[in-house]
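Protein chains in written order, with our numbering: chain A, 16 to 129; chain B, 14 to 127. By construction, the Cβ of each residue, glycine as well, lies at the ideal position given by its N, Cα and C atoms.
Below you can see the structure in the form of structure tokens.
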């Protein structure tokens, strides 16, 4: 079974639209961390956010916001007023601390058109 | 500048020809790991190392070897590469075992096995 599911393979939006990238995870660990990474066309992985399992506060950073809901095992990522530079593949990831295992979702490719 | 470096960045080789992809970090990090990225599968962990001379298998270790003789280096060895090992490989490091969830990624190595 997939530990991290990103059901949206590819999303296309027009610049200035808001877009939400979904992430659903599965774990039995009591202590875990969730992440989002951005992979632009150049290929490197850019860290965006880290959340631990004890902190369900939503977070906002500029145009980016994250919604963590343990009840639904989801960690969704919203980009407000998208820009062309947001075009990239976005990965959601899970780290199970007691099992020392990292799991990445399959990624969502975001295309932002001018 | 704090960074994780990988060499080579691009490599085309033939089946069965042993190769090594080097990974080096200059941040005195204890924890290092290797991932491969394949379309539709996201990143999958190959091996990780908690410290010098301590390594363990990730999710997809078959066909790979690693060593950790020095803290800064964590080479990935393919003794007899096969076409199914064609992939994009990332090395990552984390400051210490207790903070192993926060990873710094290298730029990636794109390997093609013919």
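If you reduce the DSSP assignment to three classes, tell me which class residue i lands in.
i, result
"residue 98 (chain B)", "helix"
"residue 87 (chain A)", "helix"
"residue 66 (chain A)", "strand"
"residue 65 (chain B)", "coil"
"residue 100 (chain A)", "helix"
"residue 112 (chain B)", "helix"
"residue 22 (chain B)", "coil"
"residue 126 (chain A)", "strand"
"residue 80 (chain B)", "coil"
"residue 135 (chain B)", "Residue coverage of chain B in this structure runs from 14 to 127, which leaves residue 135 (chain B) outside it and unanswerable."
"residue 76 (chain A)", "strand"
Among residues of its own chain, excluding the 5 on either side of residue i, which ones have a beta-carbon nearer than 6 Å to its beta-carbon?
i, result
"residue 121 (chain A)", "21"
May I ask which residues mark the beginning and end of the beta strand (DSSP E) holding residue i?
i, result
"residue 51 (chain B)", "44-51"
"residue 25 (chain A)", "25-29"
"residue 53 (chain A)", "47-54"
"residue 119 (chain A)", "116-119"
Starting from the C-beta of residue i, find all residues in its chain whose C-beta is less than 7 Å away, skip the five residues before and the five after it, and write them out in chain order.
i, result
"residue 119 (chain A)", "19, 106, 108"
How many whole angstroms separate the CB atoms of residue i and residue j, which I take to be in contact at a CB cut-off of 8 Å?
i, j, result
"residue 45 (chain B)", "residue 105 (chain B)", "7 Å"
"residue 2 (chain B)", "residue 102 (chain B)", "Residue 2 (chain B) falls outside the range modelled here, since chain B spans only 14 to 127, and no answer is possible."
"residue 58 (chain A)", "residue 119 (chain B)", "About 11 Å separates the two Cβ atoms, so there is no contact after all."
Legend entry - the segment 20-35 of chain B touching the segment 82-100 of chain B, judged by at least three CB pairs closer than 8 Å: Yes, they touch.
Inset, instruction - Pair every Cβ in the segment 88-95 of chain A with every Cβ in the segment 31-50 of chain B, then say whether three or more of these pairs are closer than 8 Å. - result: Because the criterion of three Cβ pairs below 8 Å is not met, the segment 88-95 of chain A and the segment 31-50 of chain B do not touch.
Inset, instruction - Check whether the segment 15-26 of chain B touches the segment 57-74 of chain B, taking contact to mean three or more Cβ pairs, one atom from each stretch, closer than 8 Å. - result: As far as the Cβ criterion goes, the segment 15-26 of chain B does not touch the segment 57-74 of chain B, which means the pair count is below three.
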